[in-house]
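If you're matching positions, the sequence shown starts at 135 in our numbering and goes up one per residue.
Even glycine gets a Cβ: it sits at the ideal position worked out from N, Cα and C.
Just below is one structure, and these are the notes that go with it.
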Amino acid sequence: MSQASGRALIVEDNVLLNCLLQEMVRALGFSVAGAATSAEARDAISRGGFDLMVADLNLDHGSSGLSLAREAMLTNRAMRVVIASGLPAPAELEASIAFLQKPFTVGQLQSAIRI
135 MSQASGRALI VEDNVLLNCL LQEMVRALGF SVAGAATSAE ARDAISRGGF DLMVADLNLD
195 HGSSGLSLAR EAMLTNRAMR VVIASGLPAP AELEASIAFL QKPFTVGQLQ SAIRI
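Written as structure tokens, this is what we have:
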């Protein structure tokens, strides 16, 4: 498995999944920060420096990982974004945003990051 590099933000409100995703992304060569809420994610994004964001589709209090991804990409167009969900991909998903249906493997995540 080839190694990537850069900084990644994991946005997942389920603590166990957040930890698991951080380990998966770290295994791909990224340094990783985690956020459990959309507010934490927005704060991290405002400080900048992320090359990748992996976000759950459905976040805390009805927040959308897709909306968060769109906001993040306005400030950093080069950021790669992967949205993950146990549900099918939303119809309004842009081609620049990768989608993974849970559960997924490290290999599937690595392929999605390359998109």
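*Can you tell me which of the three DSSP states M187 falls into?*
strand
*Give me the Cα-Cα distance between R214 and K236, rounded to the nearest whole angstrom.*
19 Å
*Note the first and the last residue of the continuous beta strand (DSSP E) segment covering A218.*
214 to 219
*Simplified DSSP assignment, three categories, for S139*: coil
*What is the DSSP secondary structure of L234, counted as helix, strand or coil?*
strand
*Report yes or no: do three or more beta-carbon pairs, one from the region 173 to 183 and one from the region 220 to 229, lie closer than 8 Å?*
no
*Candidates A232, E157, S245: which alpha carbon is nearest M207's?*
A232
*Taking all protein chains shown into account, do 16 or more other C-beta atoms lie within 10 angstroms of the C-beta of E146, making it buried, or fewer, making it exposed?*
buried
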